[in-house]
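K.L.:
Let me begin by handing over the structure; questions about it come next.
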């Protein structure tokens, strides 16, 4: 039993997802997912903003196989802070089928970074969503970016669309490949050709070191699962079609901090051909791009 009490309003990940109608191509990568604990083995961070249910590496592997994927990219969950032990444990038990994105502090040593690299970490993540962090990590990111650049790692950034104007210049000065989580959380109730999403497209168009994940319609959609998240499709498809060599997709399992509903992971997979309508685009999104970014060696 975990030593932690799950938040009272926590939504547990889907216990019986549907079998997707869409069959992902052999070698497909779920390039955005997490592991939580188990809390009795890998304690959650004292400064965490939420206490989740356990979501173990073995349960992640089971979902991977069930959905037809071959590999995972595991992103350090904020509930674990900069303690990457659960992530490293999953990587070490993945038989080379998983890579990781860690959370580190500016005090991390080169030796510790090398150890993470040997485990399979290939990037670091920073959260710029103001409602989820106590302070935006500008200074720390500058220091860490210089430390990870020799390793060939990339930076993952999480922000919301309305925050991009004030962050734009800082982001574009970063010296590494940069991956944006979930298209920068666009407001899909606003026009596809409006100024807010246009700025995000400008970010990608004018900075070839920037990539985007086209994941998490369940977080972005206004119509929700009853509307099959259709309002997200034009935004994601635009990004995939304009920047086919710099897009990634992932389940976001086990869907931390979802409040409105818990998505069916099989239904999320069935959105892939809607946003990447050709086999060529699907191959880039699910195989070529994540393999180039995470398994280049």
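In UniProt numbering, the protein residues as written are 1 to 297. Where is the CB? At the ideal position from N, CA and C, for every residue including glycine.
1) Identify which residue in 87, 258 and 194 has its Cα closest to the Cα of residue 8.
2) Determine the extent of the beta strand (DSSP E) in which residue 220 is found, giving its start and end residues.
3) Kindly confirm or deny that the segment 212-221 and the segment 239-257 touch, where touching means at least three C-beta pairs closer than 8 Å.
4) Consult DSSP for residue 33 and reduce its assignment to one of helix, strand or coil.
5) In chain order, what residues of the same chain have a beta carbon less than 6 Å from the beta carbon of residue 153, not counting five sequence neighbours either side?
6) CA-CA distance, residue 52 and residue 263?
7) Based on the DSSP secondary-structure assignment, which residues constitute the bridge partners of residue 213?
8) Label residue 64 either buried or exposed according to how many other C-beta atoms from any shown protein chain fall within 10 Å of its C-beta, with 16 as the threshold for buried.
9) Counting only the same chain and skipping the five closest in sequence on each side, list residues whose C-beta sits under 8 Å from that of residue 85.
10) Under the three-state reduction of DSSP, which class applies to residue 80: helix, strand or coil?
11) Here's the rule: buried if 16 or more other CB atoms are within 10 angstroms of the residue's CB, otherwise exposed. What is residue 292?
12) Give me the DSSP bridge partner(s) of residue 240.
13) Just the Cα atoms here: how many angstroms apart are residue 120 and residue 111?
14) For the segment 76-85 against the segment 264-280, do three or more pairs of beta-carbon atoms, one drawn from each stretch, fall closer than 8 Å, so that the two count as touching?
15) If contacts are defined as beta-carbon pairs under 8 Å, then residue 256 and residue 14 qualify, I think. What distance do you get, rounded to the angstrom?
P.N.:
Considering the structure as presented:
1) Residue 8 sits at position 8 when you count from the first residue of the chain shown. Looking at the Cα atoms, 258 is the closest of the given residues.
2) Indexing the chain shown from 1 puts residue 220 at position 220. That residue, residue 220, is in no beta strand (DSSP E); its alpha helix (DSSP H) goes 217-220.
3) yes
4) Looking up residue 33 in the chain shown gives position 33. Residue 33 falls in the strand class under three-state DSSP.
5) Translated into positions along the chain shown, residue 153 becomes position 153. Hits under 6 Å: 122 and 123.
6) As a first step, residue 52 is located in the chain shown; it is residue number 52 there, counting from the start. As a first step, residue 263 is located in the chain shown; it is residue number 263 there, counting from the start. Residue 52 and residue 263: Cα-Cα distance of roughly 16 Å.
7) Here residue 213 is taken as the residue at index 213 of the chain shown, counted from 1. DSSP, once it has assigned bridges, lists 248 as partnering residue 213.
8) Within the chain shown, residue 64 is the residue found at index 64, counting from 1. That one is buried.
9) By one-based count along the chain shown, residue 85 stands at place 85. Correct list, in chain order: 42.
10) Here residue 80 is taken as the residue at index 80 of the chain shown, counted from 1. Looking at residue 80 - three-state DSSP - the assignment turns out to be helix.
11) For the purposes of this step, residue 292 is identified with residue 292 of the chain shown, where counting begins at 1. Residue 292 is exposed by the Cβ-count criterion.
12) Your numbering for residue 240 matches position 240 in the chain shown. Answer is none; residue 240 lacks a bridge partner.
13) Translated into positions along the chain shown, residue 120 becomes position 120. Translated into positions along the chain shown, residue 111 becomes position 111. Those two C-alpha atoms are separated by around 14 Å.
14) no
15) Sequence index remark: in the chain shown, residue 256 carries index 256 (1-based). Sequence index remark: in the chain shown, residue 14 carries index 14 (1-based). With a Cβ gap of about 13 Å, residue 256 and residue 14 do not count as contacting.
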